[in-house]
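Same order as they appear, the protein sequences are chains A and B. Those letters in the first sequence? Residues -8 to 489, by our numbering. Those letters in the second sequence? Residues 7 to 162, by our numbering. Quick reminder that beta carbons are idealized off the backbone N, C-alpha and C, glycines included. So the structure is just underneath, and the comments pick up after that.
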Amino acid sequence: MIEGILIGLQTALSLKNILMVMMGCFFGTIIGMLPGLGPMTAIALMIPITYGFEPATGLILMAGVYYGAVFGGSTSSILINAPGVPGTVATAFDGYPMAQQGKAGKALAIAAYSSFAGGTISAIFLLFAAPSLSKVSLAFRSPDYFALMVLGLTAVSAFSSKGQFLKAMMMVILGLMLATVGQDSLSDITRFTFNNMNLTDGISFVLVVMATFAMSEALTIILKGKDPSRATEQISLSQLGSIRLDKEERNKMLKSIPRSSVLGFLIGVLPGAGATIASFLAYGMERNYVNEEEKQKFGKGSVHGLAAPETANNAACSGSFVPLLTLGIPGSGTTAVMLGALLGFGIQPGPRLYMTNPEIFWSVIMSMYIGMVILLILNLPLIPYIARVLATPKNFLIPLILFFSVTGIYLMSFNNFDIFLMIGIAVVATFLRLYNFPMPPLILAFVLGALMEENLRRSLLISDGSFNFLWDRPLTAIILAFTIAIISWQAFKSFKNK
Amino acid sequence: MRISIDKIISLLFFVLSVFYLYQTYQIQVFSFDEHAPFNAKTFPTFLAYFGMFLSVLFLVLPEKNPTKIDHKVLDYKSVSFLIFITVVYGFVILKAGFFLSTSLFLFFSYYFLGERRWKWMFLLSFPFVALFMYLLHGLLDIYLRDPFLKMLGIIG
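Laid out in structure tokens, this is it:
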């Protein structure tokens, strides 16, 4: 293994490959910041370019683009509450309020440091445990995945807004209902489309997230423009602050990073789970770990609340390479595109990859780490300039947010039905937000809806329609026990308050 | 007795769940799938019943802190206008093309939100959209249909 690591290090540290990582990080960050274009699109755009390179160089470029795009997505989440990819939705919970308080520079710096730390720790895990962890990822069966998703949704409902568990659960159901629109994945039967062809493929994630976060935020800012309680927020927007973190903030970040890295990496290893569940679970877990005073700050610009999901989503990105490189199973849409690129280079990922092509296996792992170092070096000096986006006067910023939201959708479908649907969802979301119905549970439910139905389908078919699958396997039963504990705790708290 | 808006929303959610359940029963599954342990109706049926259960629970349980909104401080006029102009933008984007419709949308939005710095309004609409289009169309090779620019012979 040491020999393989050295070969990988030698390949990744060649001047050409370092330049590739730098280019990848730079373009990835820019593409990731654009609405509707996430890591998957960024990598897909790079595939034709990489075919002229050696496989290791091509993959190194794509790894750089991947991390750059993830960081770019976090930037738009923090600055304008517009997460371009599901993995950065949880980043917006505390990142955006922090930016609103005039600490955009700090929020971006925390995101950059946490991403770097999460990526570093998981790269070390990947280095030493990749082959053996692939067995863990295969140990998870459909009932376990289903239980994990139920746990994720319950956790985010419990933690997303204080004392609003029932409202949050209603948002979960609404998100799952929206996810069922379109063709059923197995039978191809169309559901809830009302004979509208535009709904046959379902509603896109970018549409829902832009409507419920970016657009509805823009509308809320205008709606509450005359509200005197909002006046201080408007003033603080121009005081963007520096990227320097004080000792207390550093300590908070350092406490969150190790536990979120481990959780993120382990969740990332599971095919299909990926960065989204990892970031939401890390957010929920972090809220449980901190003291009562810190808990109150969650959702209002907590350092813990920002560092945890950012660390976890980057750790999960590295983790998702475990099933890809060791089993040939892509754990996410992005790694599926990477698999396509690998096959294009004539490389078949699988258990024998690190024996037959050690220079590729190890150089990808090494370059992922080098990519993160370069990303940090490139982006930190740029943060004060990027943060100035928030200094844009409201009269300009709001139409620009609306423009980015509409363009993000238009670029995906090139029809105006999706624009109208987005406006409709944004209006409903603005109204619901006004009455404290939280949006994060809706988004997570929407993202997980199809996966959840698929895993419930498999579980029920295997158990011949019986719900015994919920307690047949110890792993499923343990995950569900956690879910029941969260629900019971919420019910107890509610009862106690009365 | 005065019912809070929160409860009215949950009542609407109950109605939505009932409608969703009705639509679920309208799904035509294949005859061989009708009695299968899982078909296209199964998951939506669970969702509908669970949605109804949650909304009834919210309706019957006493409310601790109903949300209070002071409607006098809310700027409904500006929001209605922004929604209206975005709908118009959605209508014309295909016909007028991306460049013209987006530039005009931005320009008029700035104007109606009270902006009067004409130089900035212009720079952040027409040249800004042109730059954005160049980035997408020219550099990233993402096709943007634009009949207006096509007519002028700027794009193919």
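- Nearest in C-alpha terms to B/Asn45, of all of B/Phe64, B/Leu53 and B/Val35, is B/Val35.
- Taken through DSSP and simplified to helix, strand or coil, A/Gly109 comes out as helix.
- Not a single CB atom of chain B sits nearer than 8 Å to the CB of A/Ser148.
- Among the bridge pairs identified by DSSP, A/Thr181 is matched with A/Gln174.
- At a cut-off of 8 Å, the C-beta of B/Lys70 has a neighbouring C-beta in chain A.
- CA-to-CA, the gap between A/Leu439 and A/Leu142 works out to about 12 Å.
- Contact check between the region 330 to 345 of chain A and the region 133 to 148 of chain A: fewer than three CB pairs, one atom from each, fall below 8 Å, which does not count as touching.
- Interface annotation for the region 78 to 93 of chain B against chain A: Val79, Leu80, Asp81, Tyr82, Ser84, Val85, Leu88, Ile89, Thr92 and Val93, criterion Cβ-Cβ distance under 8 Å.
- Of the residues A/Met24, A/Ile21, A/Ile194 and A/Pro77, the one whose Cα lies closest to the Cα of A/Ile416 is A/Ile194.
- Distance between B/Pro72 and B/Asp12, taken at the CA atoms: about 7 Å.
- Here A/Ile469 is exposed. Its C-beta has fewer than 16 other C-beta atoms within 10 Å.
- Within chain A, Pro384, Asn386 and Phe387 have C-beta atoms less than 8 Å from the C-beta of B/Glu121, given in sequence order.
- Classified as exposed, B/Val66 has fewer than 16 neighbouring CB atoms from the shown chains inside 10 Å of its CB.
- Using a Cβ-Cβ cut-off of 8 Å, B/Asp39 counts as an interface residue toward chain A, since at least one Cβ of chain A sits closer than that to its own.
- The Cβ-Cβ distance between A/Leu367 and A/Ala103 falls below 8 Å.
- Across the region 133 to 146 of chain B, CB contacts with chain A closer than 9 Å involve Phe134, Val135, Phe138, Leu141, Leu142 and Leu146, in sequence order along the chain.
- Apart from sequence neighbours up to five positions away, the residues of its chain that approach B/Phe118 with a beta-carbon distance below 6 Å are Phe87, ordered along the chain.
- Going by DSSP, A/Gln91 is part of no alpha helix (DSSP H) at all; its letter is neither H nor E.
- Close partners of A/Ser178 in chain B (Cβ separation under 8 Å): Val35, Phe36, Asp39, Asn45 and Ala46.
- For A/Ala138, the closest C-alpha among the options A/Phe486, A/Met37, A/Met363 and A/Ala472 is that of A/Ala472.
- Taking 4 residues as the shortest admissible run, the region 290 to 362 of chain A contains the following complete alpha helix (DSSP H) segments, listed from N- to C-terminal end: 294 to 310, 324 to 335 and 344 to 347.
- Judged by DSSP secondary structure, A/Val397 falls within the alpha helix (DSSP H) whose first and last residues are Lys385 to Ser404.
- Distance check between A/Asp409 and each of A/Leu0, A/Tyr136, A/Phe196 and A/Ile34 places A/Phe196 closest, using alpha-carbon atoms only.
- Straight across, the Cα-Cα distance linking A/Ala35 with A/Ser67 is about 21 Å.
- Closer than 8 Å to the CB of B/Ile9 there is not a single CB belonging to chain A.
- Of all alpha-carbon atoms in A/Glu45, A/Phe185, A/Met14 and A/Val199, the one lying nearest the alpha-carbon of A/Gly55 is that of A/Met14.
- Between the alpha carbons of A/Glu45 and A/Ser354 lies a distance of about 12 Å.
- For B/Pro50, the chain A residues whose Cβ falls inside 7 Å of its Cβ are Thr171 and Arg182, in order along the chain.
- Around the CB of B/Val21, fewer than 16 other CB atoms lie within 10 Å, so the residue is classed as exposed.
- Separation of A/Arg241 and A/Lys97 (C-alpha to C-alpha, rounded to the nearest whole angstrom) is 11 Å.
- Within the same chain, and ignoring the five residues on either side of A/Ile356 in sequence, the residues whose Cβ sits closer than 7 Å to its Cβ are Gly(-1), Ala114, Leu117 and Leu118.
- Residue state for A/Thr211 is assigned as helix, using DSSP reduced to three classes.
- Counting along the chain, A/Thr79 sits inside no alpha helix (DSSP H), nor does DSSP assign it H or E at all.
- In this structure, DSSP gives A/Glu283 a helical state, which the three-state scheme calls helix.
- Taking C-beta atoms as the reference points, A/Asn370 and A/Phe62 count as a pair closer than 8 Å.
- From the listed residues A/Gly216, A/Ile213, A/Arg182 and A/Leu165, the smallest Cα separation to A/Val199 is found for A/Leu165.
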